[in-house]
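*Asks:* Protein sequences, first through last, are from chains Y, G, P and L.
Start counting the first sequence at 1; every next residue gets the next number (the numbering used here).
Start counting the second sequence at 1; every next residue gets the next number (the numbering used here).
Start counting the third sequence at 1; every next residue gets the next number (the numbering used here).
Start counting the fourth sequence at 1; every next residue gets the next number (the numbering used here).
Below: one structure in structure tokens.
There are 4 protein chains.
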Amino acid sequence: MTLQVTVWNENVHEQEEPEVAERYPDGIHGAVADALAERGFETRTATLQDPEHGLTAEVLDETDVLVWWSHCANGEVSDEVADRVVDAVHEGMGFVPLHSGKNSKPFKRLMGTTCNIKYRHGGETERVWVADPGHPIADGLPESFEIPSTEMYGEPYDIPEPDRTVFISWFEGGEVFRSGVCYRRGRGRIFAFRPGHEEYPILYQEEVQQVIANAVEWAAPTEGSEAVWGEVEPAESPE
Amino acid sequence: MTLQVTVWNENVHEQEEPEVAERYPDGIHGAVADALAERGFETRTATLQDPEHGLTAEVLDETDVLVWWSHCANGEVSDEVADRVVDAVHEGMGFVPLHSGKNSKPFKRLMGTTCNIKYRHGGETERVWVADPGHPIADGLPESFEIPSTEMYGEPYDIPEPDRTVFISWFEGGEVFRSGVCYRRGRGRIFAFRPGHEEYPILYQEEVQQVIANAVEWAAPTEGSEAVWGEVEPAESPE
Amino acid sequence: MTLQVTVWNENVHEQEEPEVAERYPDGIHGAVADALAERGFETRTATLQDPEHGLTAEVLDETDVLVWWSHCANGEVSDEVADRVVDAVHEGMGFVPLHSGKNSKPFKRLMGTTCNIKYRHGGETERVWVADPGHPIADGLPESFEIPSTEMYGEPYDIPEPDRTVFISWFEGGEVFRSGVCYRRGRGRIFAFRPGHEEYPILYQEEVQQVIANAVEWAAPTEGSEAVWGEVEPAESPE
Amino acid sequence: MTLQVTVWNENVHEQEEPEVAERYPDGIHGAVADALAERGFETRTATLQDPEHGLTAEVLDETDVLVWWSHCANGEVSDEVADRVVDAVHEGMGFVPLHSGKNSKPFKRLMGTTCNIKYRHGGETERVWVADPGHPIADGLPESFEIPSTEMYGEPYDIPEPDRTVFISWFEGGEVFRSGVCYRRGRGRIFAFRPGHEEYPILYQEEVQQVIANAVEWAAPTEGSEAVWGEVEPAESPE
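As structure tokens, then:
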């Protein structure tokens, strides 16, 4: 069955910075959604400016995996919508925050940590290494790939110890970063992927698109078992 | 150096239910603080009814480990105080929620999950098994110990996969539960311990007190390394 | 593509104990292979008595997932074949040891621990609880299922902390056990499942068969990325 | 109580390469043991050439933590001594393999993986970043430290997902590596630390010595609980 993907973007840089608008004429959400549609997913997009940020209960109900890009407007996402996303993840929806989506309310609420990092603008080389070559999110990738110009993120990265660390990045300026990390919260799968800075055409890069597509496949909901919560009778009956 | 422990209790059952007041004349917080003081910790107590619930910035600054009991009044803890506790954990304070402290705002915010369970009142036997006999929180314990009468908690327990599962409980009615689970969030150590229901004198039980004391020792802050966050110059200087 | 499953059995109880032979006329391997074939997997069987225990390099090359039952003859498996299985797991083959297959050479070599437990014969009730209702190995299961008569295994279970704990068992006699645990070693996925004692018709039980089928599906090899080992030139060329 | 540390070294490069002998006139084991003695540990040394490699049952009984350096002679360690080390770790002895000690028989048997890496000789800069600033093995360290000249180790590093990743290294040539990783096997704590190549005076470096000392402190045995293995009577008696 075709997976239903919603690509969410705060869509602010595209409106305020002409260079970003020129680079991503359909928005970062448009570029990512196109890349996923080409790879066979059914996609829709939603942005901060939409009513309820485009993430109504109906939209989330129909979403298998939510890909999320955000940066400067993380604080403008309503608490209600953030909690709705968190609840949907608990129920099984996959969640794939890109770049500074790691600072988004849903990701931070799911992690329980600050998600703090160090960073540097200016455009330097990043080499993304596969640390877990057996992981499906690495399917079909070379052992590493280069992002020619990007913003740097550096360790320490204040996250819970990941379930799996799929990618670790090397930066020209001397830093390292766990660029692809996996978690489970409730029934939902989460993959946070570092690349995707808006000042460079990174989201058009073949390897980056492949990672996002692999992550969507990996984060798709599974059936799982029944679960009963609340007050119950004894499982074993007294003889 | 003597560890500084703050024992926090919502202190509601003690005021509303004569049997609980009789069982715990100094409150659950008093019983736990006494047990820890006898074991060499420097203790203080704080309750929901205190200004800022007794958890001012000053108190938390002076607290190495916060032991937390709560149940029916989890919703009455202010968001501000809950976030202050979470921040203190991130900075290194240990956090030991007891019993339905697993439903407290700080614990749920640190976990990022619902922490849901199933439960049953009525008073049945619980046998607490050590699943990780090499863990310091199990120091000095027998391989299992019995709680003669308690409320049941049953799996599934909606928590992130624990860093270590120290205890797993067996219940007379047929259920099982991960009764002692360890986490790290930021610099802080967290140990959630299931026993401690207010309807029985569980917190006077020797093994239960020893687990709490061991957990306090284990959760104490460590020095760690420097950490630099935010915008930085390159670590490597261009030649 | 249809998954290729090899079901391996030491096949000793079947030859030495008439009751077991009567219970499993095609051997435990036959019963498990039939159950998997009915669920759409392509299956073959192999036993201790076959040349190279039936696990030649060719057989392992054609095996996506190896299901393994062993008990009294764990010591008779040759070191060479045990290492061949371990190597195949490192290369991506799934491995699903059942019952005391947890004492097999391949499993112990993959774990690096003793895998010790406590146990008791006699036939008592086991209730297998799903601890991770979002896990694909729990697909389609009720929240728990009962095995009417079995050998007991009890904690502590000397294994590395699992990547995921899918099942925890309750026993009539008062013990608990992590009955379904997941690991990764190299590119390979491992799921150790406790039920399957030869003295009872457990491997004919619907829920048990479904867990094994789910585990085979989950443990199937994935493509992953390229990996380069050994001496290399610098990834970054000097300017 | 003063911790008893045994520093083991294959002691082969020191005998075969004059430059190494000159750099480490008391052997790598001597340099490491001196550094630990200065920091208050009680130390002894043992080498491959000693009877039973100096690791008799008596020596291991008296050892709280075993620090291990090996490289070209990993294959010459007897299986019996390797298993004796593994057994001692299971019983609680700490184990701290340095550098290519990651290829030693005990470490590989404890991990259950190949521990493969990529590497490059030639002397390039390594920057060791603290990824887990709250970890006691990072106590007192700056956020990163530089090793001016070393052999490179690069990802992927074929190990089980670590319990904690304390250090990640950046290399001048473009690679990254998880340089400090923590595990538990049985009751024992394991910390594998990458630095320590024999061609450079790395083991005299202050930060490297401090990491090893911190690791010894962290890996020390703890009391833990009783554990009962084998056949048992029911924990619960029939009524």
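Beta carbons: idealized from backbone N, C-alpha and C, even for Gly.
Between which two residues does the alpha helix (DSSP H) carrying L98 (chain P) extend?
*Replies:* Careful: L98 (chain P) lies outside any alpha helix (DSSP H), inside the beta strand (DSSP E) at G94 to L98.
*Asks:* Go to R23 (chain Y), then tell me how far its alpha helix (DSSP H) extends in each direction, as first and last residue.
*Replies:* From DSSP, the alpha helix (DSSP H) with R23 (chain Y) extends over P18 to R23.
*Asks:* Pull up the CB-CB distance for P156 (chain L) and V130 (chain Y), whole angstroms please, since I reckon it's below 8 Å.
*Replies:* About 6 Å; that satisfies the 8 Å criterion.
*Asks:* What separation, rounded to the nearest whole angstrom, lies between the Cα atoms of D50 (chain L) and G101 (chain L)?
*Replies:* Roughly 18 Å between the two C-alpha positions.
*Asks:* What do you reckon, is the C-beta of A235 (chain Y) under 7 Å from a heavy atom of the ligand GDP?
*Replies:* The ligand GDP is not part of the structure shown, which contains no ligands of any sort.
*Asks:* What residues in the stretch 200-213 of chain L bring their beta carbon closer than 9 Å to a beta carbon of chain Y?
*Replies:* If the cut-off is 9 Å between Cβ atoms, the stretch 200-213 of chain L has nothing near chain Y.
*Asks:* Taking the beta carbon of D182 (chain G) as the centre, do at least 16 other beta carbons fall within 10 Å, making it buried, or is it exposed?
*Replies:* One detail in the question is off: residue 182 (chain G) reads as Cys in this sequence, not Asp. The residue is buried, with at least 16 neighbouring Cβ atoms inside 10 Å.
*Asks:* If you drop the 5 nearest sequence neighbours on each side, which residues of the same chain put their C-beta closer than 7 Å to that of A215 (chain G)?
*Replies:* So the list reads V96, I137, F191 and F193, once near-sequence residues are dropped.
*Asks:* Could you tell me whether the Cβ atoms of T43 (chain Y) and V81 (chain Y) are closer together than 8 Å?
*Replies:* Going by C-beta atoms, T43 (chain Y) is not nearer than 8 Å to V81 (chain Y).
*Asks:* Considering only the beta carbon of each residue, do S179 (chain G) and P160 (chain G) sit closer than 8 Å?
*Replies:* Result no, Cβ atoms of S179 (chain G) and P160 (chain G) do not sit closer than 8 Å.
*Asks:* For A46 (chain P), list the residues DSSP reports as bridge partners.
*Replies:* According to DSSP, A46 (chain P) bridges with P:W8.
*Asks:* DSSP on E231 (chain Y), reduced to helix/strand/coil?
*Replies:* Strand.
*Asks:* Is it right to say A57 (chain P) is buried, meaning 16 or more other beta carbons lie within 10 angstroms of its own, or is it exposed?
*Replies:* Its Cβ having fewer than 16 others within 10 Å, A57 (chain P) is exposed.
*Asks:* Pairs of beta-carbons, one from the stretch 60-80 of chain G and one from the stretch 147-156 of chain G, closer than 8 Å: are there three or more?
*Replies:* Touching, no.
*Asks:* Based on DSSP bridge pairs, tell me the residues matched to F171 (chain P).
*Replies:* For F171 (chain P), which the question treats as bridged, DSSP gives the partners P:E126.
*Asks:* Please list the partners that D163 (chain G) has in chain Y, where partner means a Cβ-to-Cβ separation under 8 Å.
*Replies:* Those within 8 Å of D163 (chain G) in chain Y are E161.
*Asks:* Going by alpha carbons, who is nearest to S70 (chain P) out of P:D83, P:Q15, P:E223 and P:H99?
*Replies:* Nearest option by C-alpha distance: P:H99.
*Asks:* Among Y:A213, Y:N11, Y:P221 and Y:H53, which one has its Cα closest to the Cα of A37 (chain Y)?
*Replies:* Comparing Cα-Cα distances from A37 (chain Y) to each of Y:A213, Y:N11, Y:P221 and Y:H53, the minimum goes to Y:A213.
*Asks:* What are the start and end residues of the alpha helix (DSSP H) that includes P106 (chain P)?
*Replies:* Taken as a continuous stretch (DSSP letters only), the alpha helix (DSSP H) holding P106 (chain P) covers K105 to M111.
*Asks:* I'd like the span of the alpha helix (DSSP H) that includes E206 (chain G), first residue to last.
*Replies:* E206 (chain G) -> alpha helix (DSSP H) spans E206 to A219.
*Asks:* Under the three-state reduction of DSSP, which class applies to H121 (chain L): helix, strand or coil?
*Replies:* The answer is strand: DSSP assigns H121 (chain L) an E or B state.
*Asks:* Using the rule of at least 16 other Cβ atoms within 10 Å of the residue's Cβ for burial, across every protein chain shown, is T2 (chain P) buried or exposed?
*Replies:* It is exposed - the Cβ of T2 (chain P) has fewer than 16 other Cβ atoms within 10 Å.
*Asks:* So V228 (chain L) contacts chain P; which residues on that side make the cut at Cβ distance below 7 Å?
*Replies:* Correct list: K118.
*Asks:* For N13 (chain P), which residues from the same chain have a beta carbon less than 6 Å from its beta carbon, with the 5 sequence-adjacent residues on both sides left out?
*Replies:* Here the sequence assigns His to residue 13 (chain P), which means Asn is not the residue at that position. Cβ within range, chain order: V20 and E198.
*Asks:* Give the single residue among P:S237, P:L110, P:E52 and P:A33 whose Cα lies nearest to the Cα of G146 (chain Y).
*Replies:* The identity of residue 146 (chain Y) in the sequence shown is Glu, whereas the question assumes Gly. That would be P:S237, whose Cα lies nearest to the Cα of E146 (chain Y).
*Asks:* Quick one: which residues of the stretch 173-190 of chain G get their C-beta closer than 8 Å to a C-beta of chain L? List them in chain order.
*Replies:* Against chain L - using a Cβ distance shorter than 8 Å - the residues of the stretch 173-190 of chain G are R184, G186, R187 and G188.
*Asks:* Using only the alpha-carbon positions, how far apart do N74 (chain Y) and E17 (chain Y) sit?
*Replies:* Distance between the alpha carbons of N74 (chain Y) and E17 (chain Y): 17 Å.
*Asks:* Quick check: what's the CA-CA separation for E10 (chain L) versus T165 (chain P)?
*Replies:* Each residue's alpha carbon lies about 39 Å from the other.
*Asks:* Just to confirm, is the Cβ distance from T125 (chain L) to E172 (chain L) under 8 Å?
*Replies:* Yes, these two residues count as a Cβ contact at 8 Å.
*Asks:* So who's on the other strand from G154 (chain Y), going by DSSP bridges?
*Replies:* In the DSSP output, where bridge partners are listed per residue, G154 (chain Y) has Y:K118.
*Asks:* What separation, rounded to the nearest whole angstrom, lies between the Cα atoms of E207 (chain Y) and K108 (chain Y)?
*Replies:* Roughly 26 Å separates the two Cα atoms.
*Asks:* Going by DSSP, name the residue or residues bridged to G196 (chain P).
*Replies:* Beta-bridge pairing links G196 (chain P) to no other residue.
*Asks:* Tell me the rounded alpha-carbon separation between A219 (chain P) and V89 (chain P).
*Replies:* Taking the straight line from one Cα to the other gives about 10 Å.
*Asks:* From C72 (chain L) to E233 (chain P), what distance separates their C-alpha atoms?
*Replies:* Answer to the nearest angstrom: the Cα atoms are 21 Å apart.
*Asks:* Quick one: Cα of G92 (chain G) to Cα of Q15 (chain G), how far?
*Replies:* If you take the alpha carbons of G92 (chain G) and Q15 (chain G), they lie about 33 Å apart.
*Asks:* Might you give, ordered along the chain, the residues of its own chain that have their beta carbon closer than 8 Å to the beta carbon of M111 (chain L), omitting 5 neighbours on each side?
*Replies:* Excluding residues within five positions, the ones whose Cβ falls inside 8 Å are I159, P160 and Y183.
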